[in-house]
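All the letters of the sequence shown, read from the start, carry residue numbers 1 to 297 under UniProt numbering.
Worksheet: one structure, shown below.
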Amino acid sequence: MSKSHDILCIGSVLWDVIGRAPVHMRQGSDVAGRITRLPGGVAMNIAMTLARFGLKASLLTAIGRDTQGDELIQACEELGMDTTHVYRSEDLPTDRYMAVEGANGLIAAIADAHSLEAAGSKILRALNDGTLGSDDAPYEGFIALDGNLTQRLLEKIAVSPAFAKADLRVAPASPGKAERLLPFLVHDRATLYVNLEEAGLLCQKEFTSSEEAAKGLLDRGARRALVTDGGNSASDATPDGIITQIPPSVMVTRVTGAGDTFMAAHIASENDGANREDSLNRALRAAATYVSGGSPK
C-alpha cells in the first residue's frame, strides 16, 4: 500500500470559467469585465490551498481523455498535486464550472460535474483495491470529500469499511447539494464544513448566526461542524463547546473558492497540531486573504 501524499481530496476537479466585473450587478446586467479559465472544483481548490501550506494532496476524481482533460492534468501536476489515481474516462468530457461575479458578490453559477457523477465509484478504485486502502486495511489519514459526488456514492462512502479509519472532512459543493451530506450528519468520524444557508438546509431550519447553526448541527447528531457566514462570523462546534470568531474585514474582489480555502487552511492548521482557536483563526485569515485577491499562506 503506497502513500506519497499528506491528504486525499475526493470530488470535483474541473475548469473554472469565471467572469468578474468591478461594478455591482443584477439580473440582466451587461457590463465590461474579465473572464478567466483556471483549475477549479471543490477538491481542486482544497488541494491548491493545501499546497500553499506545504501539504501534498492526491486527487481522486474523474477527468476526461480530451484536450481540456490533458491540460487540466498538466495544470494539477504543475501545482504539486498527485494525479496518479485520477480516473481518466474515454467517453466522458472534462467537467466545467461557470460563474459570474460582481462587486456585490456571486451573481450566478452553474456547475457541470456530470462526468464525475457518471464515473461514480470508479474514482475510488485505489481505496478498494489495496493501492491506497481496502475494506480489510482502511485508509488512515485526512480525506477531504465534496458534495459533487452523487447521493448514492456518498451514502456508500459513509458506511464503507475502506473509510472506517479516515479523518473525514466533508463539504457540500453548493447549497443546492447540501442535503447530499445527510449521511455524514451522524457519522462518528466526519467534520462538516458548511455555510449558514447549507446548515439550515441540513437542519431544515433557518439560522441567524454561525453559532446558532453550529449548535443546530450538533443537536442533529453531528460529531463536529464548522459554519461560516461570510464576513459576519464563523463557528467551530464540538460536544466540548462552540468557538466563534469574526473574520478580518477586507475588500472583497472574488468569492468563488473562499469556502474551500477556509476548509483547506483549517485542515492544514490542525495537521500542524494547532488547537481549535488557532486553527479557526488561521482559516479565517486565509479566506480573508483569498477574497481580497491575495494568496493564503
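Positions of the beta carbon are idealized from the N, C-alpha and C atoms, including for glycine.
6 Å CB neighbourhood of residue i in its chain, flanking five on each side removed
i      : result
Val252 : Val291
Cys9   : Ala43, Ile46, Ala47, Ala57, Leu59 and Ala144
Ala164 : Pro138
Glu155 : Pro183
Ala225 : Leu192, Ala214, Leu217 and Ala237
Beta-carbon proximity of residue i to residue j, cut-off 8 Å
i      : j      : result
Lys205 : Gly221 : no
His187 : Thr131 : no
Ala178 : Met263 : no
Ala265 : Ala237 : no
Asp167 : Gly200 : no
Ser209 : Gly231 : no
Asn275 : Val227 : no
Gly293 : Arg254 : yes
Ala162 : Asn128 : yes
Arg52  : Pro296 : yes
Leu55  : Ala268 : yes
Cys76  : Thr67  : no
Bounding residues of the alpha helix (DSSP H) (the contiguous stretch that carries residue i)
i      : result
Gly259 : Ala258 to Asn271
Asp278 : Arg276 to Val291
Val42  : Val42 to Arg52
First and last residue of the uninterrupted beta strand (DSSP E) at residue i
i      : result
Gln245 : Gly241 to Gln245
Ala225 : Arg224 to Thr228
Ala75  : Counting along the chain, Ala75 falls outside any beta strand (DSSP E), though it belongs to the alpha helix (DSSP H) covering Thr67 to Glu78.
Leu218 : Where Leu218 is concerned, there is no enclosing beta strand (DSSP E), although the alpha helix (DSSP H) it sits in stretches over Ser210 to Asp219.
Leu8   : Ile7 to Ile10
Val238 : Checking the sequence, you will find Thr at residue 238 rather than Val. Taken as a continuous stretch (DSSP letters only), the beta strand (DSSP E) holding Thr238 covers Ala234 to Thr238.
Val17  : Leu14 to Arg20
Ser58  : Ala57 to Leu60
Contacts around residue i, its chain only, beta-carbon distance under 7 Å, and the 5 residues preceding and following it disregarded
i      : result
Ile246 : Ser233
Neighbourhood of residue i by C-beta distance below 8 Å, restricted to the same chain and skipping five residues each side
i     : result
Ser2  : Unreliable placement is indicated for Ser2, whose pLDDT of 48 sits below 50; no coordinate value is reported for it.
Leu72 : Val13, Leu14, Trp15, Pro39, Ile63 and Thr94
* Asked: In the segment 147–206, which residue ranges form an unbroken alpha helix (DSSP H) of at least 4 residues, counting only runs that do not cross its ends?
  -> Those alpha helix (DSSP H) runs which fall completely within the segment 147–206 and span 4+ residues are 151–159 and 196–203.
* **Unbroken stretches of the beta strand (DSSP E), 3 residues or longer, contained in the segment 82–146** => 87–89, 96–102, 105–112 and 141–146
* Asked: Taking one C-beta from the segment 21–35 and one from the segment 88–107 each time, how about it: are there three or more such pairs within less than 8 Å?
  -> yes
* **the segment 137–151 touching the segment 36–43, judged by at least three CB pairs closer than 8 Å** => Yes, since at least three Cβ pairs between the segment 137–151 and the segment 36–43 fall closer than 8 Å, the two stretches touch.
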